[in-house]
Every structure is written in C-alpha cells, then in structure tokens.
Amino acid sequence: MFREKASEPVYSGRNFKVFKKTFQGPKGSFIVDIVEHPGAVVILPLKQDNRIVFIKQYRYVVEEELLELPAGTIKDGEDPFHCALRELEEETGLKAGKLRLLGIHYASPGHSTELYYSFLAEDLKRGKESPEIDEEIRTVEYSLSEVLELIRKGEIRDSKTLATIMLFLMYLGFSTEKLL
6 MFREKASEPV YSGRNFKVFK KTFQGPKGSF IVDIVEHPGA VVILPLKQDN RIVFIKQYRY
66 VVEEELLELP AGTIKDGEDP FHCALRELEE ETGLKAGKLR LLGIHYASPG HSTELYYSFL
126 AEDLKRGKES PEIDEEIRTV EYSLSEVLEL IRKGEIRDSK TLATIMLFLM YLGFSTEKLL
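With our numbering as the guide, the letters of the sequence shown map in order to residues 6 to 185.
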C-alpha cells in the first residue's frame with residue numbers, strides 16, 4: 006500500500022541514523038523523518054526473594070532521574086541475548102543464570118525502527134558493575150506489589166520499563182478475567 010520512493014541520509018550518530026524518506030501512498034506522496042536504530046534490550050532482574058532490581062539514573066535528555074529496568078543498545082552484529090547479559094552486568098553488577106525472552110515491541114513506530122527485546126533474568130549472581138561514561142546509576146529493589154503501586158502513583162514513567170512489567174505480568178499468568 007505504501008512504497009518508498011526516495012531516501013536521503015540526514016544524520017549518522019553513535020547509536021542511530023536519521024533519514025528523510027519519501028513514500029507514495031493511496032492519497033499521494035509524503036515525507037517522513039525516520040530514525041534507524043539497531044534495537045535495544047530491557048531486562049527484568051528477578052531475585053530469589055522475588056524482588057525486582059531497578060536502576061535509578063539521571064537522564065540528562067529529559068533532565069530528571071528516572072526509575073527504570075536495566076537496558077541498553079544492541080551493538081552492531083550483537084545477539085539480543087548476549088546484549089541483555091552484558092547490559093545487566095554493566096548496569097547492576099549482576100549475572101543471570103537464566104534468561105527468558107518475554108516479548109519484542111517497538112519503541113516508537115511512528116518515527117523509529119527501534120525494537121525492544123524484553124527479558125526476564127533469574128538465578129542472579131554477583132558480577133562486576135561497569136557503567137558507561139554517560140551513566141550515573143544506583144540500583145534499588147522492589148516487590149511486585151510495590152512496583153504496581155509505584156506505577157499507580159506515576160513514579161515509573163519510562164515506557165520500556167512499563168511495557169516489560171506488563172509482559173512479565175502476562176508471563177506470570179495475569180489475565181483480564183481477573184479484572185472483571
């Protein structure tokens with residue numbers, strides 16, 4: 006239904022590229038700015054006592070500290086599973102004995118190709134933290150009921166974290182029948 010007619014590179018950075026693309030659709034041609042991104046992983050680290058490990062980090066782009074699950078960009082040629090293991094250890098100092106893919110979802114499909122791979126990490130062992138130069142990270146832990154209360158109060162505002170928590174709830178067997 007929509008056909009790409011032209012693509013012009015606008016910007017190429019460390020983690021993404023921006024293209025100005027022209028498409029032909031049923032109602033005519035139009036131009037869209039598209040961010041091409043290699044994808045990213047989000048990890049929900051579940052401890053033996055069923056507490057979930059989060060990170061608090063200052064996000065200078067939005068100028069506030071956010072409560073998030075550990076996450077990171079997939080490097081060129083890197084497998085999402087390997088990336089999840091790497092990012093978990095870099096950001097939290099934890100190694101996962103078990104890693105399960107919960108789901109795959111787009112970050113913002115209206116303008117970006119970025120896909121998130123959401124993982125559940127279990128059988129956690131102590132590793133070595135090594136945050137990147139642009140990361141100031143603190144780890145915190147919450148029970149699932151505390152997490153749901155933080156969401157209800159609007160204290161978790163990161164969309165990749167919210168989506169991964171929903172995928173985790175589905176994994177646990179949550180269903181809409183329980184809401185009615």
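Ideal Cβ placement from N, Cα and C applies to all residues, glycine included. Source: prediction; values computed, not measured.
Shown here for Ser-148: same chain residues with a beta carbon closer than 7 Å to its own, the five before and five after excluded, namely Asn-55, Arg-56 in chain order. The beta-carbon separation of Thr-166 and Val-67, rounded to 14 Å, does not stay under the 8 Å limit for a contact. Leu-99 has Arg-131 as its beta-bridge partners, per DSSP. With a minimum length of 4 residues, the unbroken runs of alpha helix (DSSP H) contained wholly in the region 34 to 108 fall at 85 to 97. Considering only Arg-105, Val-37, Gly-77, the residue with the shortest C-alpha distance to Ala-112 is Gly-77. Around the beta carbon of Ala-101, 16 or more other beta carbons lie within 10 angstroms, which makes this residue buried. Pairing Leu-72 with Met-171, the inter-Cα distance amounts to about 16 Å.
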